[in-house]
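Colleague:
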DNA sequence: ACAAAATTGGGACATATGTCCTATTCCTGT
DNA sequence: ACAGGAATAGGACATATGTCCCAATTTTGT
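Protein chains in written order, with my numbering: chain A, 658 to 889; chain B, 658 to 889.
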């Protein structure tokens, strides 16, 4: 994490996402702009929540880690999304891991400051509730999908989600970053099976594997496979 | 649904669950006590939210219904829990189905009244946020579990969840109500497979099936199977 | 009461996924 | 450069689950 002391950039993001409309008070004094690099971890299961975050640039990966070491992808976060909404009221420990997929910018507000200056602000609380409602809705949806669809579909969806919309034919290098093993855990399957499925997709000419990095050959076919299922 | 015009009972529930502590204003005038019978549906996917509910007695079953007709159990609700928290701020349509498993009592407040009298009440909003946070946490958890565990475990957990804690050895007649087919859908599996798994448990002497109703023979073994996984 | 419809039980087989294992390749510290 | 450990690729087999199908039983409408 690097702190960005750029008042203009902070103001730009606040304007871009109308952050001030979520508070009655001016919260600028309590906001810090931070940058996380690709692959960097933003928070971990078990941590005490220190900052309430607005994700204003970059894509984040949210996943759980279970006792037995297994983990599962919960969602991807794109701007504007918030981190800490689940925990900041209850005081519970953080319940998932969040990693930055590319360089991302977050605006952090210390939990104490949120409590002191926005804890009784109905505008802010309403915003948080709408957000939580949205998350609950999407996760309910993906729960069903996860259980009801095959790994092939989930993989297709995963790839589409992590590849930026623009760079359709570009190599998906993010996958190289996360190892195949890690990717298997994220998708809630075994390394062996993920390997098998990717191999099958390669045989069908939909993707290719070359020294560990995966390239999408037939983006349309992949999208077709994923169907409606999207992790975002 | 039957309306219960029993001021004393309403007051009892309010006291029992300290409902007035969730509001700054006295909300009694806007509360209606209602009763739903076993198997009765409380709300459906696609409905417009009319009431914000507190579940004060009885157990509710919350599940999704997907486009292709498949559905999946999301959670069971016991008192004190709330319904409508996901939708009341966003104005979105209801996102799941809720059925009453036994006779249940709910205190309903019209959404308009909630907005008018509690929409800016930080005490109430804080309460809702804590609740949403809790739900998001538990569903994240069960998402992982659903994906990572076998139907046998999920079935065990399901049975334990719907059988009241007291009546360990009693027939679980709720299962007779919901047909095997419905139960299979709830658990996100096929009828055939559910049947197979129940048969296996019957062979092991853990449950018995007699004209469609399931009885638990070895409650401890079932609990052992379910492990930590509980749908509540 | 009886025929039609729904529910249940289960065989046979296909597919999805997991476990175990073994080479091979790639990276990394020294 | 080299040894050792991680990451990759995939064979062989077991298990979980799905699909299709049909017979037996129960429920239901008339």
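Even glycine gets a Cβ: it sits at the ideal position worked out from N, Cα and C.
Thinking residue 789 of chain A and residue 796 of chain B are a contact (beta carbons under 8 Å), I'd like their distance in whole angstroms, please.
Modeller: Here residue 789 of chain A refers to the residue found at position 132 when the first chain is read from its first residue. Here residue 796 of chain B refers to the residue found at position 139 when the second chain is read from its first residue. The Cβ separation is near 11 Å, so there is no contact.
Colleague: Going along the chain, which residues of its own chain have a beta-carbon closer than 6 Å to the beta-carbon of residue 774 of chain A, five neighbours each way excluded?
Modeller: Counting from 1 along the first chain, the entry for residue 774 of chain A is found at position 117. So the qualifying residues of the chain are 682.
Colleague: List the residues that DSSP assigns as beta-bridge partners of residue 721 of chain A.
Modeller: Locating residue 721 of chain A in the first chain gives position 64, counting from the first residue. Bridge partners of residue 721 of chain A: A/729.
Colleague: Looking at residue 658 of chain A: is its Cβ nearer than 8 Å to the Cβ of residue 691 of chain A?
Modeller: Residue numbering aside, residue 658 of chain A sits at position 1 when the first chain is read from its first letter. Residue numbering aside, residue 691 of chain A sits at position 34 when the first chain is read from its first letter. Taking 8 Å as the Cβ cut-off, residue 658 of chain A and residue 691 of chain A qualify as a contacting pair.
Colleague: How many whole angstroms separate the CB atoms of residue 879 of chain B and residue 817 of chain B, which I take to be in contact at a CB cut-off of 8 Å?
Modeller: Here residue 879 of chain B refers to the residue found at position 222 of the second chain. Here residue 817 of chain B refers to the residue found at position 160 of the second chain. Correct: roughly 6 Å between the Cβ atoms.
Colleague: For a test of the three-state rule: what should DSSP assign to residue 672 of chain B, helix, strand or coil?
Modeller: Working through the second chain from its first residue, we reach residue 672 of chain B at position 15. Of the three classes helix, strand and coil, the one that applies to residue 672 of chain B here is helix, per DSSP.
Colleague: Nearest by alpha-carbon distance to residue 696 of chain A: which of A/882, A/866 and A/761 is it?
Modeller: Walking along the first chain from the start, residue 696 of chain A turns up at place 39. Taking only the C-alpha atoms, the option nearest residue 696 of chain A is A/761.
Colleague: Give the DSSP bridge partners of residue 864 of chain A, in chain order.
Modeller: Indexing the first chain from 1 puts residue 864 of chain A at position 207. Answer is A/873.
Colleague: Determine, using beta-carbon pairs with one atom in the region 741–748 of chain B and one in the region 660–675 of chain B, whether at least three such pairs fall under 8 Å.
Modeller: The region 741–748 of chain B, when compared against the region 660–675 of chain B, does not touch it at the 8 Å Cβ threshold.
Colleague: Per DSSP, which one or two residues make a beta bridge with residue 700 of chain A?
Modeller: The sequence position of residue 700 of chain A within the first chain is 43, counting from 1. Answer is A/755.
Colleague: When the distance is taken between beta carbons, is residue 738 of chain A closer than 8 Å to residue 699 of chain A?
Modeller: What you label residue 699 of chain A is simply residue 42 of the first chain in a count that begins at 1. What you label residue 738 of chain A is simply residue 81 of the first chain in a count that begins at 1. Result no, Cβ atoms of residue 699 of chain A and residue 738 of chain A do not sit closer than 8 Å.
Colleague: How should residue 665 of chain B be labelled, buried or exposed, when 16 other C-beta atoms within 10 angstroms of its C-beta is the threshold for buried?
Modeller: The residue labelled residue 665 of chain B in the question sits at position 8 within the second chain. Exposed, by the Cβ-count rule.
Colleague: Since residue 840 of chain A and residue 851 of chain A should fall inside the 8 Å C-beta cutoff, what is the C-beta to C-beta distance between them, to a whole number of angstroms?
Modeller: Working through the first chain from its first residue, we reach residue 840 of chain A at position 183. Working through the first chain from its first residue, we reach residue 851 of chain A at position 194. At roughly 6 Å, the Cβ-Cβ gap stays under 8 Å, so residue 840 of chain A and residue 851 of chain A are in contact.
Colleague: Which word fits residue 814 of chain A, buried or exposed, when buried means at least 16 other C-beta atoms lie within 10 angstroms of its C-beta?
Modeller: Here residue 814 of chain A corresponds to residue number 157 of the first chain, with the count starting at 1. So residue 814 of chain A counts as buried.
Colleague: Against chain B, does residue 783 of chain A count as a neighbour if the rule is that its beta carbon must be under 8 Å from one of theirs?
Modeller: Counting from 1 along the first chain, the entry for residue 783 of chain A is found at position 126. True, the Cβ-Cβ gap to chain B drops below 8 Å.
Colleague: Examine chain A for any beta-carbon lying closer than 8 Å to the beta-carbon of residue 754 of chain B, and answer yes or no.
Modeller: Residue mapping note: residue 754 of chain B aligns to position 97 of the second chain, counting from 1. Chain A, which has no Cβ nearer than 8 Å to the Cβ of residue 754 of chain B, makes this no.
Colleague: Closer than 7 Å by beta-carbon distance: list the chain A residues that pair up with residue 743 of chain B, in chain order.
Modeller: Here residue 743 of chain B corresponds to residue number 86 of the second chain, with the count starting at 1. Result: 790, 793 and 794.
Colleague: Just confirm the distance between the C-beta atoms of residue 715 of chain A and residue 759 of chain A, as a whole number of angstroms; I'd bet it's less than 8 Å.
Modeller: Here residue 715 of chain A corresponds to residue number 58 of the first chain, with the count starting at 1. Here residue 759 of chain A corresponds to residue number 102 of the first chain, with the count starting at 1. The Cβ separation is near 5 Å, so the contact holds.
Colleague: Counting only beta-carbon separations shorter than 8 Å, does residue 786 of chain A have a partner in chain B?
Modeller: Translated into positions along the first chain, residue 786 of chain A becomes position 129. True, the Cβ-Cβ gap to chain B drops below 8 Å.
Colleague: Hey, quick one: how far does the alpha helix (DSSP H) through residue 767 of chain B stretch, first residue to last?
Modeller: Position 110 of the second chain, counting from 1, holds the residue named residue 767 of chain B. No alpha helix (DSSP H) contains residue 767 of chain B, which is instead part of the beta strand (DSSP E) from 761–767.
Colleague: How long is the line joining the alpha carbons of residue 749 of chain B and residue 778 of chain B, rounded to whole angstroms?
Modeller: Counting from 1 along the second chain, the entry for residue 749 of chain B is found at position 92. Counting from 1 along the second chain, the entry for residue 778 of chain B is found at position 121. Cα to Cα, the separation comes out at about 21 Å.
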